[in-house]
Amino acid sequence: MSEKVYVRKVETWTISAGSEPIEVNVEALRNCEPPYEGESDEDLATYLWENVFNNYDWYDNDTNKEVYGEEEAYALSFEECESMEEFYDSRMKGEESWIQVGTPNPEFTKRGGFEVTAEGKYNPEW
């Protein structure tokens with residue numbers, strides 16, 4: 016054990032937020048580049064994720080602007096999504112926390128400047 020030892024409490028949580036829903040014009044997507052060729056919601060989600068979401072080349076494509084509409088194509092890419100509504104916060108269900116023992120060290124940026132040497136966590140077998 017080093018000369019000086021420190022302890023700190025750590026908490027973690029999850030917050031989920033969603034944008035306002037946007038209606039998808041599936042038939043127009045079938046005429047875009049690349050064309051949507053799927054038949055299910057899963058196919059659509061995959062197509063949107065792989066080709067449209069945050070994809071400048073897709074929404075700036077002249078064919079896609081003409082077929083889907085310039086503003087609509089941009090909105091569908093979610094490039095800018097200013098309005099997000101929080102719908103889940105894990106802190107409302109309880110606290111997930113633990114303690115860490117170690118020393119302050121600015122090189123450990125992923126740990127908030129703390130070099131962890133040991134942790135104390137809740138053990139469900141207690």
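For the sequence shown, the positions run 16 to 141 when the numbering used here is used. Cβ coordinates follow ideal geometry from the N, Cα and C atoms, glycine included.
Rounded separation between residue i and residue j - CA only
| i | j | result |
| --- | --- | --- |
| Glu-95 | Tyr-21 | 43 Å |
| Ser-34 | Phe-68 | 13 Å |
| Thr-118 | Leu-44 | 55 Å |
| Ala-60 | Glu-111 | 32 Å |
| Glu-86 | Lys-108 | 39 Å |
| Phe-123 | Val-131 | 9 Å |
Proximity below 8 Å, CB of residue i to CB of residue j
| i | j | result |
| --- | --- | --- |
| Glu-48 | Asn-79 | yes |
Extent of the continuous beta strand (DSSP E) to which residue i belongs
| i | result |
| --- | --- |
| Glu-101 | 99-104 |
| Glu-26 | 21-26 |
| Thr-132 | 129-135 |
| Asn-114 | In the sequence under discussion, the amino acid at residue 114 is Ile, which differs from the Asn named in the question. Segment 112-119, the beta strand (DSSP E) holding Ile-114. |
Residue i - containing alpha helix (DSSP H), residue span
| i | result |
| --- | --- |
| Val-41 | 41-44 |
Contact belief for residue i with residue j at Cβ below 8 Å, rounded distance in angstroms
| i | j | result |
| --- | --- | --- |
| Ile-114 | Lys-19 | Rounded, the Cβ-Cβ distance is 17 Å, inconsistent with contact. |
| Ile-37 | Ala-90 | 6 Å |
* Where are the alpha helix (DSSP H) runs, 4 residues long or more, that stay fully inside the stretch 46-97, in chain order? -> 56-62, 71-74, 77-83, 85-92
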